[in-house]
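Step one of this worksheet: look at the structure below.
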Amino acid sequence: MPGKSIPYSKGFSLHYENSIVPFTEHCLEDPERSFSELKKHKIEEIFFIPEMRGISSEKLSGAAALLKEKGIKCTVIENKTITENNFDFFRKTGKYLNAKLKSTSVLILYEKSNADDAESFIASLLIASKNSEISPEQAVYIATRKDFTPIQNRRVRQFKKHLENQQEKEASAEAGSGNQKHELKDSLSIIKSGFSIRMKLLTLASLIAGGSMLTLILSVTFLFKEHSERMVQEYNLSLARISGLKIASELERIENNSKHFAASIEKKNKNNRTQNTADEFFKINNEVISIGSISSLPNNRIKIRHYQKNTELSKQLGISDANIEKSLYNLQNAIIQSESGGPGYENASSSFNLPVLALIL
């Protein structure tokens, strides 16, 4: 995994290490672990710099294919691109990394045999991407973490000079383009207009009329949009009001039926007659899960006096007796408080993992 790194913005870094062979073998043996380690370091792109007599191309291609399947971009840079001082490639790669390292980290892998070439390349990338004012000696020291070699220093110094020459050429080209623009502007300033005064007046009148029509159309569109939004809001409020009235009516109906049922089971003590009454109640109120009567005991406790369950609905919804007992335990305080007031409504959804409303009379 990455040994050396150069930090960039937003927590992303340029990682590099002379471990191309161990990394490739590890990737071929355990690709999932290699991928997880790369993700840990936020690495989404890898540059390989193999030496001609080093790692085999088959292993390198196999590892790159596995990484590409995981979404890791892989690029192989030939070592001769560095040794032949392809400075245009250095510069383009540096600009690419400067943009790439704003959103992800990058890993560069090379071999011990070409470490000097690879690290001089990394130092050149540092000058091209991170800070063009940095000196070649500073760039090499940051990349190598040690004193530079003459070859490294010479290559990076040559690249620095190449970069400065390119910048001077671009500045000269921009200056020449600016002079051409000024000359063109001066030449155009003395050219007389070919349009007559009548044509100019007609054009001005057309622009005023078109602007007025456009303003009128935009104003009407804005007013119509505002009126439409108001109508939609009023419709939504009316729909919510109607839905609320329907829900209130349904709750009142269930409340009245529950009161009648409670009065009936108080008079019928036999189980079969109570069950018949409950069945009749559940036929009319098929959305009710269970119904019963409860009396309070000292120390804020409750006792179930009568209890009937809608067997058919409970099977459909997968509700067990344990769910109902859990809901009664959770609603114990609300039941005791409702003894001194009117009907209460409590949310019992947590006991059933379903939207359930408890009506307490």
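Residue numbering for the sequence shown follows our numbering, beginning at 173 and increasing consecutively.
For every residue, glycine included, the Cβ atom is placed at its ideal position computed from N, Cα and C.
The alpha helix (DSSP H) enclosing residue i, as first and last residue numbers
{"i": "Pro308", "result": "Pro308 to Thr316"}
{"i": "Lys231", "result": "Ser229 to Glu241"}
{"i": "Leu500", "result": "Asp493 to Asn502"}
{"i": "Phe261", "result": "Phe259 to Lys272"}
{"i": "Asn251", "result": "Asn251 to Thr255"}
{"i": "Phe293", "result": "Ala287 to Ser301"}
{"i": "Leu485", "result": "Thr483 to Leu489"}
Extent of the continuous beta strand (DSSP E) run through residue i
{"i": "Ser277", "result": "Ser277 to Tyr282"}
{"i": "Lys245", "result": "Lys245 to Val248"}
Spatial neighbours of residue i in its chain, beta-carbon cut-off 7 angstroms, leaving aside the 5 residues before and after
{"i": "Glu424", "result": "none"}
{"i": "Pro179", "result": "Ser185"}
{"i": "Asn286", "result": "Ile221, Glu223 and Asn251"}
{"i": "Ile491", "result": "Ile461 and Phe524"}
Residues of its chain near residue i, where Cβ-Cβ distance is below 8 angstroms and the 5 sequence neighbours each way are ignored
{"i": "Lys442", "result": "Confidence in Lys442 is poor, its pLDDT being 48 and thus under 50, which makes the residue's placement too unreliable to answer from."}
{"i": "Arg205", "result": "His198"}
{"i": "Thr534", "result": "Given a span of 173 to 533 for the chain in the structure shown, any question on residue 534 remains unanswerable."}
{"i": "Leu200", "result": "Lys231, Gly234, Ala235 and Leu238"}
{"i": "Leu503", "result": "Glu518, Ala520, Ala530 and Ile532"}
{"i": "Gln330", "result": "Asn257 and Phe259"}
{"i": "Leu374", "result": "none"}
Residue burial classification, residue i (beta-carbon count within 10 angstroms, cutoff 16)
{"i": "Tyr282", "result": "buried"}
{"i": "His187", "result": "buried"}
{"i": "Val312", "result": "buried"}
{"i": "Phe219", "result": "buried"}
{"i": "Ile362", "result": "A caution first: Ile362 carries a pLDDT of 49, below 50, which makes its placement in the model unreliable, though a value can still be read off. With fewer than 16 other Cβ atoms within 10 Å, it is exposed."}
{"i": "Leu232", "result": "buried"}
{"i": "Ile419", "result": "exposed"}
{"i": "Asn482", "result": "buried"}
{"i": "Glu401", "result": "exposed"}
{"i": "Ser499", "result": "buried"}
{"i": "Gln405", "result": "exposed"}
{"i": "Glu459", "result": "exposed"}
{"i": "Glu217", "result": "buried"}
{"i": "Ala271", "result": "exposed"}
{"i": "Leu417", "result": "exposed"}
{"i": "Ile380", "result": "exposed"}
{"i": "Ile414", "result": "exposed"}
For residue i, the nearest candidate out of the options (CA to CA)
{"i": "Ile461", "options": "Pro527, Phe261 and Ala290", "result": "Pro527"}
{"i": "Lys284", "options": "Glu223, Arg327, Asn502 and Ala506", "result": "Glu223"}
{"i": "Ser228", "options": "Glu201, Leu273 and Thr196", "result": "Thr196"}
{"i": "Lys181", "options": "Ser415, Asp202, Glu346 and Thr276", "result": "Going by the sequence as given, residue 181 is Ser instead of Lys. The candidate whose alpha carbon is nearest that of Ser181 is Thr276."}
{"i": "Leu489", "options": "Ser521, Ile466, Lys418 and Pro194", "result": "Ser521"}
{"i": "Val193", "options": "Ser307, Ile466, Gly234 and Thr387", "result": "Gly234"}
{"i": "Leu335", "options": "Asn258, Gly382 and Ser368", "result": "Asn258"}
{"i": "Leu239", "options": "Lys264, Arg263, Ser208 and Phe262", "result": "Ser208"}
{"i": "Gln339", "options": "Phe367, Arg263 and Asn270", "result": "Arg263"}
{"i": "His534", "options": "Asp493, Ala271 and Val278", "result": "Because the chain in this structure spans residues 173 to 533, residue 534 falls outside the shown range and cannot be described."}
{"i": "Leu273", "options": "Phe261, Ser177, Pro203 and Ile306", "result": "Ser177"}
{"i": "Lys332", "options": "Val248, Asp260 and Ala271", "result": "Asp260"}
{"i": "Tyr501", "options": "Ser415, Gln480, Lys372 and Ile466", "result": "Ile466"}
{"i": "Ile249", "options": "Glu241, Lys242, Ile280 and Asn270", "result": "Ile280"}
{"i": "Arg317", "options": "Glu291, Ser191 and Leu386", "result": "Glu291"}
Beta-carbon contacts of residue i that lie in its chain and below 6 angstroms, excluding the five residues immediately before and after
{"i": "Ile496", "result": "Ser462"}
{"i": "Tyr268", "result": "none"}
{"i": "Phe293", "result": "Ile254"}
{"i": "Ala295", "result": "Ala311, Val312, Ala315 and Val328"}
{"i": "Ala236", "result": "Cys246"}
{"i": "Gly266", "result": "Leu297, Ala300 and Ser301"}
{"i": "Gly175", "result": "Glu189"}
{"i": "Phe394", "result": "none"}
Original post:
In chain order, which continuous runs of the beta strand (DSSP E) of length 3 or greater are located wholly inside the stretch 174–224?
Top reply: 176–179, 185–189 and 215–221
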